[in-house]
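Undergrad: Chains B and G are the protein sequences, given in the same order. Okay, so the first sequence: first residue is -19 according to this note's numbering, each after it adds one. Okay, so the second sequence: first residue is 495 according to this note's numbering, each after it adds one. Beta carbons: idealized from backbone N, C-alpha and C, even for Gly.
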Amino acid sequence: MEVPENIKKRVTIPFEEHFYAGHTACQGCGASLGLRYVLKAYGKKTILVIPACCSTIIAGPWPYSAIDANLFHTAFETTGAVISGIEAALKAMGYKVKGEDGIMVVGWAGDGGTADIGLQALSGFLERGHDAVYIMYDNEAYMNTGIQRSSSTPYGAWTTNTPGGRRHFLEKRHKKKVIDIVIAHRIPYAATASIAYPEDFIRKLKKAQKISGPSFIQLFAPCPTGWRAPTDKSIEIARLAVQTAYFPLFEYENGKYKINMPNPKKEPKPIEEFLKLQGRFKYMTKEDIETLQKWVLEEWERLKKLAEVFG
Amino acid sequence: MEYKPIRKVVSGNYAAAYAALHARVQVVAAYPITPQTSIIEKIAEFIANGEADIQYIPVESEHSAMAACIGASATGARTFTATSAQGLALMHEMLHWAAGARLPIVMVDVNRAMAPPWSVWDDQTDSLSQRDTGWMQFYAENNQEVYDGVLMAYKVAETVNVPAMVVESAFILSHTYDVVEMIPQELVDEFLPPRKPLYSLANFDEPIAVGALATPNDYYEFRYKLAKAHEEAKKVIKEVGKEFGERFGRDYSQMIETGYIDDADFVFMGMGSLMGTVKEAVDLLRKEGYKVGYAKVRWFRPFPKEELVEIAESVKGIAVLDRNFSFGQEGILFTESKGALYNSSAHPLMKNYIVGLGGRDVTVKDIKAIADDMKKVIESGKVDKEVVWYHLKR
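(1) Nearest-angstrom Cα distance between Ala39 of chain B and Phe742 of chain G?
(2) How long is the line joining the alpha carbons of Thr575 of chain G and Val77 of chain B, rounded to whole angstroms?
(3) Is it buried or exposed for Tyr114 of chain B, if we count other Cβ within 10 angstroms and need 16 for buried?
(4) Restricting to Cα atoms, I'd like to know which of B:Lys285, B:Val18 and B:Phe(-5) is closest to Ala173 of chain B.
(5) By DSSP, does Phe828 of chain G sit in helix, in strand, or in coil?
(6) Give the residues from the region 708 to 732 of chain G that approach chain B closer than 7 Å (Cβ to any Cβ), ordered along the chain.
(7) Roughly how far, in whole angstroms, is the beta-carbon of Ile175 of chain B from the beta-carbon of Lys184 of chain B, given that I think they are within contact range, below 8 Å?
(8) For the candidate residues B:Pro43, B:Gly145, B:Ser12 and B:Gly10, whose alpha-carbon lies nearest to that of Glu715 of chain G?
(9) Assign Leu286 of chain B to one of three DSSP states: helix, strand, or coil.
(10) Short of 8 Å Cβ to Cβ, which residues in the region 242 to 262 of chain B face chain C?
(11) Around the C-beta of Glu67 of chain B, are 16 or more other C-beta atoms found within 10 angstroms, so that it is buried, or is it exposed?
(12) So which of G:Gly850, G:Arg817, G:Ala806 and G:Asp867 has the shortest CA-CA distance to Asn837 of chain G?
(13) Quick one: what does DSSP say Glu700 of chain G is sitting in, helix, strand or coil?
(14) Comparing C-alpha positions only, which one of B:Glu278, B:Ala112 and B:Pro134 sits nearest to Asn119 of chain B?
(15) Here's the rule I'm using: 16 or more other beta-carbon atoms within 10 Å means buried, otherwise exposed. How should Ala651 of chain G be labelled?
(16) Determine the closest residue to Leu889 of chain G out of G:Ile564, G:Val881 and G:Phe821, with distance taken between C-alpha atoms.
(17) Hey, is Ile848 of chain G's beta-carbon within less than 8 Å of any beta-carbon in chain B?
(18) Arg792 of chain G and Arg625 of chain G - do their beta-carbons sit closer together than 8 Å?
(19) Less than 8 Å separating the beta-carbons of Tyr117 of chain B and Ala201 of chain B?
(20) Residues of the region 146 to 174 of chain B in Cβ contact with chain G at a cutoff of 7 Å, in chain order, please.
(21) On the DSSP letters alone, give me the boundaries of the beta strand (DSSP E) that Ile27 of chain B sits inside.
(22) Determine, using beta carbons only, whether Gln223 of chain B comes closer than 8 Å to chain G.
(23) Use the C-beta contact count for Pro842 of chain G: other C-beta atoms within 10 angstroms, 16 or more gives buried, fewer gives exposed.
(24) What residues of chain G sit near Gln100 of chain B, judged by a beta carbon separation below 9 Å?
(25) Using 10 angstroms around the beta-carbon of Asn605 of chain G, count the other beta-carbons present and answer buried if the total reaches 16, otherwise exposed.
(26) For His148 of chain B, count neighbouring Cβ atoms within 10 angstroms of its own Cβ and tell me buried if that reaches 16, exposed if not.
(27) So, does the region 542 to 559 of chain G touch the region 87 to 102 of chain B, judging by three or more C-beta pairs under 8 Å?
(28) Let me know if Thr857 of chain G comes out buried or exposed under the rule of 16 or more other beta-carbons within 10 Å of its beta-carbon.
(29) Along the chain, where does the beta strand (DSSP E) that runs through Asp111 of chain B open and close?
(30) Give a yes or no on whether the C-beta atoms belonging to Val656 of chain G and Gly628 of chain G are separated by under 8 Å.
(31) What residue from G:Trp612, G:Gly735, G:Asn846 and G:Gln530 has the CA that sits closest to Glu639 of chain G's CA?
(32) Which residues, in chain order, does the region 70 to 85 of chain B contribute to contact with chain G at a C-beta distance below 7 Å?
(33) Pairing CB atoms from the region 660 to 676 of chain G with CB atoms from the region 702 to 715 of chain G, are three or more of them under 8 Å?
(34) Listing by chain order, which chain B residues have their CB less than 9 Å from the CB of Pro701 of chain G?
(35) Please list the residues of the region 558 to 591 of chain G that have a C-beta atom closer than 7 Å to any C-beta atom in chain B, keeping them in chain order.
(36) Please state whether DSSP places Arg795 of chain G in a helix, a strand or coil.
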């Protein structure tokens, strides 16, 4: 498709495509949108490492591949270690890694593969300072195995192993702030991003590419199947997650915090607005919602203070 | 260039480190565990002294060590690691991955007993528990074989695209110093040229996806190809072993090394450093008139079935010495060798002696005692008891 020059100038999202139609994602899948943006930002000279997760399937079964870059499938808990090995090998073989014209080594893992089973390998990767980008696409549960809770599942959510029911057996722990663990490694660059704000996401991907050393991006990626939400509401839900400050957008760069909210002056919307579009929250009582709301605002205040003190 | 060996007095672990250096490995990812550590320490020293240009990744676990090696090897680099016991067990999942992705990683495993109870001493159960991961396994008798084994393992592994484990005994080899004849770098380079990978993640001409989901319609053939590669490896091992002998004077063309088998009534069969003691004992037993020989299994995977059949055809009995055990059954080499002979015409009397678990010393005297026991088996023509826990305190 021909794109008029005046439009081309204004658009910051690359027009090139390296993630093709024919992939096997569900309708409205936030993760597949995210993967598309990653490949737009980094292009063909990318080595993508995908552990066990939805994207294992989305990329396509042998001998098909929807991904126009080199892809290495690996075991659930190993993303951080495998990207470390690839980066070391590239350096040993004399290739330029990261930066404008270097080879991009990208780990693309879900929240379970990052915040749970892959946390140790992630920590090792961050601490050793490899030149690679780790992206955690956060759909807040083990979706590929059929919606089981992870440490990134929010308070009050229904999943197949926190099924609500008569004894009110819902998720009772708040979402793990895995990015705080990442930042504890004092890496050069960490950020949150959302599929509802693709320009912000692309900007962050580009920044992660330029900065030498390890980068980490936590991408909010709704899963209509697992969140029991309409497939045409993924972007809206993702936007509300930001607007309610449930999932605030921010960056941590060389020790400094910067909040990237679309309307920084605006007070967060009530959490119900985010919850009501998703069937997974329908078992929550009024008290449950209050508990979650309180946590969201406390965390938001905490982040604002961090940005104030380390801004 | 004429071959003149460089003689160095080194431990088994240093022999492994020198072999990795001479193989010009490009990436090393490893995690410390006794008694493997001095291999990696020595490699770190080579890097620190500017003797080696190696990307060294001090990972946070053995699981990540193997995962990092997998990433590095898939990118095309010659990759090395080393571990022992618990570390090897932690790697288990990724051992399957390395073999399935057809990556010629070479790893030294220093045989150490599995806990509990804690033990840091020699025992083959750690490596033999990895039997079905798709890795080749070479068992070294002495420090020289550790050095030679690593160099040959790279050549074989990179020919058939299957990873290889070089196994040495805890302390008996790993920390014991002995003379090792090393090969000048130039001649190693001739024997082992730079790796030509099957595929490389650094090649962007044609995008590839490695390890993607294979349906029941395709998975089966992937397994068959790996099985075929192991069959092919038997041929390659013999060729490489022969070439090594022609170049450097130590012939490894036999996957099972034998001695005195022509007129032997029975042979001792086993693997690793244990067989050094057996050789010594057999020399002495021969002087005392025993008609005994030995068969040292160098390669456990692929298993040298054909060579074993030939040996078994020429003897009346085989005393299998296992420094390992498969619970609920018997010594692992015993099971393997009985299975290998079942459909052959050779049916020697076979008895299994469980020896040396957890580093219990196996002496020449022990081997002689076993010879006496085995002699009775041969004379009676009957195996009185299949499995004997030889050292058991009574």
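TA: On the basis of the coordinates in this document:
(1) 49 Å
(2) 23 Å
(3) buried
(4) B:Val18
(5) helix
(6) Ala708, Thr709 and Asp712
(7) Not a contact, Cβ separation roughly 12 Å.
(8) B:Pro43
(9) helix
(10) Any reference to chain C falls outside this structure, whose protein chains are B and G.
(11) buried
(12) G:Ala806
(13) coil
(14) B:Pro134
(15) buried
(16) Any question about residue 889 of chain G goes unanswered here, given that chain G covers just 495 to 888.
(17) no
(18) no
(19) yes
(20) none
(21) Thr26 to Ile30
(22) no
(23) buried
(24) Glu554, Ser555, His557 and Ser558
(25) buried
(26) exposed
(27) yes
(28) exposed
(29) Note, Asp111 of chain B: premise wrong, no beta strand (DSSP E); not H, not E.
(30) yes
(31) G:Gly735
(32) Leu70, Lys71, Ala72, Met73, Tyr75 and Ile83
(33) no
(34) His(-2), Lys24, Ser45, Ile47, Asp48, Ala49, Asn50 and Leu51
(35) Ser558, Ala561, Ala562, Cys563, Ile564, Gly565, Ala566, Ala568, Thr569, Gly570, Ala571, Glu587, Met588 and Trp591
(36) strand
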